[in-house]
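Participant: After the structure tokens below, expect a handful of questions from me.
In this note's numbering, the protein residues as written are 29 to 484.
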């Protein structure tokens, strides 16, 4: 496997092809500070004014780690095709990645209610690489005479800006409800609405047949097909390719003096892509005479693994017709429930369970501990199991009487063993806070580790 192939394969494996909080960052509702409102808009803050100056986060999930695919030596992946292929399913090899930047957020709290606004730039996506495509890329069709291979990847990728307005109110002494309404300005999208391409090599005449039923929708990014393959251009701009709306809903419920529950549903919404929106469709059967060997690779060398050349060769054989047509992409909806039990003045036990849809549904749960470090910090940890395997996460916030600096990692195991990592998410950012709200004499409930009352 040459350097070009190593870079291409590693990129596809780790990044897929864009899932906004879909849901890698499962510690989010359990962290201290206004970032917890991203996950649950009902969580009241402990300052009158909170400003999020900048927050950036990114992560990935893949069913096949680098270690599963081969061996990494001196920073280079040496692919073992058989080892990699054996880890794949015919379908459902779902990969996800997300990249989010919260550029600016503002929140104002007064007693039992709060309001705020925010802006963010997000990338979201999922990619399913079928086993048949990897088999063909590694060995050509020579090994699979008389067999049918499914070659079409399924993917959904979009990038957009998010403008949000949030509000929360304590409707009774122990219950707060909240919501965030979001306008979405689309930058670019690329998705498959149909993905069925099957290759069959006749065992008697070695004639290769391709049967296709595939539609790729694109907007905001040029996509074209010619005799040499597919060509993808650059994103035209930050906005204008599509638009839509989304909503986040949440509630926080206090039971007794030390126990709190939270439930949220996030990213309910859709983007409609209109500007320069195109539908690229191939439906039909294509045949040509070949020989019992590797039609696309030219020989049977296992080290000649070239996904890009294989895909380009397939595209050159079939016919894609392009036409204008709008389409939709859904946001990666997440449902999450959390619980906190206050075991001491500055210590609580946390738990969370979630289900998130990005291509297919993913789920997980975790149990952790949160500790206030005097007046200047907050540290938390969370361990559990989710799609991708076990994880151990941690988060830290340093509070300097106004400026707050925080960092969170959902899977510390990745830091120490990247080669065998199936998923990870890291977030870091800066807040400013003013006017700390003091707990009242008659404590009615608490909604984070510092505030002990809604102070009506």
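Backbone N, C-alpha and C fix where the C-beta goes; we use that ideal spot for every residue, glycine too.
My output table needs one value for residue 90: the three-state DSSP class, helix, strand or coil.
Facilitator: For this step, residue 90 is matched to residue 62 along the chain shown. Reduced to three states, the DSSP call for residue 90 is coil.
Participant: Note down the Cα distance separating residue 78 from residue 427, rounded to an integer number of angstroms.
Facilitator: Counting from one through the chain shown, the residue named residue 78 turns up at place 50. Counting from one through the chain shown, the residue named residue 427 turns up at place 399. Their backbone Cα atoms lie some 13 Å apart in a straight line.
Participant: Spell out whether any CB of chain B is found under 7 Å from the CB atom of residue 268.
Facilitator: Note that chain B does not occur in the displayed structure, where there is just one protein chain.
Participant: If you follow the alpha helix (DSSP H) that residue 160 is in, where does it begin and where does it stop?
Facilitator: Locating residue 160 in the chain shown gives position 132, counting from the first residue. Element bounds for residue 160: 159-167.
Participant: Indicate the three-state DSSP secondary structure (helix, strand or coil) for residue 275 in the structure shown.
Facilitator: On the chain shown, residue 275 is found 247 positions in, with the first residue counted as 1. Strand.
Participant: Rank 96, 125, 100, 104 by C-alpha distance to the C-alpha of residue 111 and give the top, closest one.
Facilitator: As a first step, residue 111 must be located in the chain shown, where it is residue number 83. Measuring from the Cα of residue 111, the nearest candidate turns out to be 96.
Participant: What residues in its chain sit with their C-beta under 6 Å from that of residue 218, if we drop five residues either side in the sequence?
Facilitator: For the purposes of this step, residue 218 is taken as residue 190 along the chain shown, with counting starting at 1. Contacts found: 185, 246.
Participant: Helix or strand or just coil, what does DSSP make of residue 433?
Facilitator: In the chain shown, counting from the first residue as 1, residue 433 sits at position 405. It is a strand residue.
Participant: Just list the beta strand (DSSP E) runs in the stretch 335-362, keeping only unbroken ones of 3 residues or longer that don't cross its boundaries, in chain order.
Facilitator: Runs found: 349-352, 355-358.
Participant: Can you look up residue 369 in the DSSP assignment and give me helix, strand or coil?
Facilitator: For this step, residue 369 is matched to residue 341 along the chain shown. If DSSP states are grouped into helix, strand and coil, residue 369 belongs with the strands.
Participant: Three or more C-beta pairs closer than 8 Å, one from the stretch 200-217 and one from the stretch 156-167: is that the case here?
Facilitator: No, the stretch 200-217 does not touch the stretch 156-167.
Participant: DSSP three-state call for residue 200: helix, strand or coil?
Facilitator: In the chain shown, residue 200 corresponds to position 172, counting from 1. Residue 200: strand per DSSP, three-state reduction.
Participant: Just to confirm, are residue 182 and residue 220 a CB contact at a threshold of 7 Å?
Facilitator: Working through the chain shown from its first residue, we reach residue 182 at position 154. Working through the chain shown from its first residue, we reach residue 220 at position 192. Yes. Within cutoff.
Participant: Which word fits residue 372, buried or exposed, when buried means at least 16 other C-beta atoms lie within 10 angstroms of its C-beta?
Facilitator: For this step, residue 372 is matched to residue 344 along the chain shown. With fewer than 16 Cβ atoms within 10 Å of its Cβ, residue 372 is classed as exposed.
Participant: So, helix, strand or coil for residue 395, using DSSP?
Facilitator: Here residue 395 refers to the residue found at position 367 when the chain shown is read from its first residue. Strand.
Participant: Do three or more CB pairs link the stretch 248-262 to the stretch 224-233 at distances below 8 Å?
Facilitator: The stretch 248-262 is not in contact with the stretch 224-233.
Participant: Is the distance from the Cβ of residue 55 to the Cβ of residue 421 below 7 Å?
Facilitator: Numbered from 1 along the chain shown, position 27 holds the residue referred to as residue 55. Numbered from 1 along the chain shown, position 393 holds the residue referred to as residue 421. Contact: yes.
Participant: Do you know how far the Cα of residue 287 is from the Cα of residue 263?
Facilitator: Position 235 of the chain shown, counted from the first residue, corresponds to residue 263. Position 259 of the chain shown, counted from the first residue, corresponds to residue 287. One C-alpha to the other measures close to 48 Å.
Participant: In the DSSP assignment, what residue or residues form a beta bridge with residue 489?
Facilitator: Missing from the structure shown is residue 489; the chain here goes from 29 to 484 and no further.
Participant: Who are the Cβ neighbours of residue 527 in its own chain at under 6 Å, not counting the five residues just before and after it?
Facilitator: Residue numbering for the chain in the displayed model covers 29 to 484; residue 527 lies beyond these limits and cannot be assessed.
Participant: Should residue 7 and residue 128 be called a contact, given that it needs their Cβ atoms to be closer than 7 Å?
Facilitator: The requested residue 7 is not part of the displayed model; the chain covers only 29 to 484.
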